[in-house]
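Peer 1: Numbering (my numbering), first residue to last: 6 to 264. Beta carbons: idealized from backbone N, C-alpha and C, even for Gly. Here it is, the structure in full.
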Ligand code: DGL
C-alpha cells in the first residue's frame, strides 16, 4: 500500500488549529482536511445520532483521501466516538481530548477552567479525565458553544464580536484564583489572541494541538511527502471556506459523497 496524507477531521474549521501544529511537528508530511460543515455545530447534537454521523463522514473521507492515518481534531467527536472509529477504520486513529492533565500539572492555584462545547463539558469521558488527573483541583467547566461560530466567522475573514467573547468567558472570572484555562474545543485556539484580549486579567491558555501532533508522529509512521496544497473535503458547499483553508495549505474543497 502506498503512503497517503494524514487526514485531519473536524465538524468545521477548528481542526485547522491542529493542522497548524502538525505542520510544525511534521513539516514535510502531506495533510488532507475534512469537515462536516453541513452538520456544524456538533456540540449540541444527540449522542447516538452523532456517533453514526461521525462514522459515516470519517469513513467516506478516509476513502476519498486515501490517507495513512486519521486525526480526529474535535474534542466533541473524540470524547464520544473514538472507540467506534478505531473498530470501523483500517488506518490508525489519533483523538483529541481536553488538556486536563497538563492544566493540572501547571496550575499553581489548583483552580483552572475548562472552556468547551456543552457536549464536551458534560461527557463522562471528560469527567473521568478530571477525576483521574485533576482530583485535587477545582475545575470550572464552561459551555461556550457560541465561540464555535465566532471561530468560523474569524476563518471566513470577519472579526470576532468582543462582546460575545466577553459573555462566553464571564463564568471563568468569578474566583480570582483561577489561573489557567483549557481550550477544550479545537475551534478556540483560532481565537486565542481575541480571547486573551477579552479576559480581564492574564491567565495561562492551554490546548491539546501540540500533544496531538507529537502523538500523530509516533502513531502514523508511513506518510506521503507534501507536494502542493493538500486535498480538502466538505459536506456542504461553502465558498467562504476556500480562502481560510488556503491559508492553512489546503486546496479548494471538494464535496464528500456520503452513502
Ligand atoms: N471543534 C469541535 C471540538 O473540538 C467542536 C465544534 C462543534 O461544536 O461542532 O469540540
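1) Suppose you measure from the CA of residue 177 to the CA of residue 138; what does that come to, to the nearest Å?
2) Grab me the residues of residue 166's own chain with a C-beta within less than 7 Å of its C-beta, minus the 5 sequence neighbours each way, in chain order.
3) Leaving out five residues on either side along the sequence, give the residues of the same chain with a beta carbon under 8 Å from the beta carbon of residue 61.
4) Measure how close the beta-carbons of residue 259 and residue 238 come, nearest whole angstrom, since I'm counting them as under 8 Å.
5) If you draw a straight line from the C-alpha of residue 200 to the C-alpha of residue 108, how long is it?
6) To the nearest angstrom, how far is the alpha carbon of residue 73 from that of residue 110?
7) Counting along the chain, where does the beta strand (DSSP E) carrying residue 250 start and finish?
8) State the DSSP-derived secondary structure class of residue 239, mapped to helix, strand or coil.
9) Would you list the residues sitting across from residue 118 in a DSSP beta bridge?
10) Would you list the residues sitting across from residue 113 in a DSSP beta bridge?
11) Since residue 185 contacts residue 112 with CB under 8 Å, what's their CB separation in whole angstroms?
12) What residues match up with residue 15 in a beta bridge as DSSP calls it?
13) With which residues is residue 9 paired in a DSSP beta bridge?
14) Identify which residue in 189, 153, 144 has its Cα closest to the Cα of residue 183.
15) Examine the ligand DGL and report whether any of its heavy atoms sits within less than 7 Å of the Cβ of residue 243.
16) To the nearest whole angstrom, what separates the beta carbons of residue 38 and residue 24, a pair I think is in contact under 8 Å?
17) Between the segment 50-57 and the segment 238-250, are three or more C-beta pairs nearer than 8 Å?
18) In three-state DSSP terms, what is residue 78?
19) Contact check, residue 151 vs residue 175 under 8 Å by CB: the rounded distance?
20) Given this structure, state the Cα-to-Cα distance separating residue 33 from residue 196, to the nearest angstrom.
21) For the ligand DGL, any of its heavy atoms closer than 7 Å to the Cβ of residue 225?
22) CA-CA distance, residue 121 and residue 21?
23) Output needed for residue 56: all residues of its chain with C-beta closer than 7 Å, excluding positions within five of it in sequence on either side, in chain order.
Peer 2: To lay it out plainly:
1) Taking the straight line joining both Cα atoms gives about 20 Å.
2) Same-chain partners within the cutoff: 155.
3) Close CB contacts of residue 61 within its chain, under the 8 Å cut and outside five residues either way in sequence, are with 263, 264 (chain order).
4) For residue 259 against residue 238, the beta-carbon gap comes to about 6 Å, under 8 Å, which counts as contact.
5) Linking residue 200 to residue 108 through their CA atoms gives a straight-line distance of about 18 Å.
6) About 33 Å.
7) Bounds of any beta strand (DSSP E) do not take in residue 250; it lies within the alpha helix (DSSP H) bounded by 246-252.
8) Of the three classes helix, strand and coil, the one that applies to residue 239 here is strand, per DSSP.
9) 145, 186.
10) Beta-bridge analysis with DSSP links residue 113 to no other residue.
11) The pair is a contact, with the Cβ atoms about 5 Å apart (cut-off 8 Å).
12) Residue pairing by DSSP places residue 15 opposite 40 in a beta bridge.
13) Within the DSSP secondary-structure output, residue 9 pairs in a beta bridge with 228.
14) Nearest of 189, 153, 144 to residue 183, Cα basis: 144.
15) No, the ligand DGL has no heavy atom inside 7 Å of this Cβ.
16) Right, their Cβ atoms sit about 6 Å apart.
17) Taking 8 Å as the limit for Cβ pairs, the verdict is that the segment 238-250 does not touch the segment 50-57.
18) Looking at residue 78 - three-state DSSP - the assignment turns out to be coil, as it is neither helix nor strand.
19) That pair is no contact at about 12 Å.
20) Put simply, the backbone Cα of residue 33 is about 26 Å away from that of residue 196.
21) No, the ligand DGL has no heavy atom inside 7 Å of this Cβ.
22) Taking the straight line from one Cα to the other gives about 17 Å.
23) Same-chain partners within the cutoff: 85, 86, 89.
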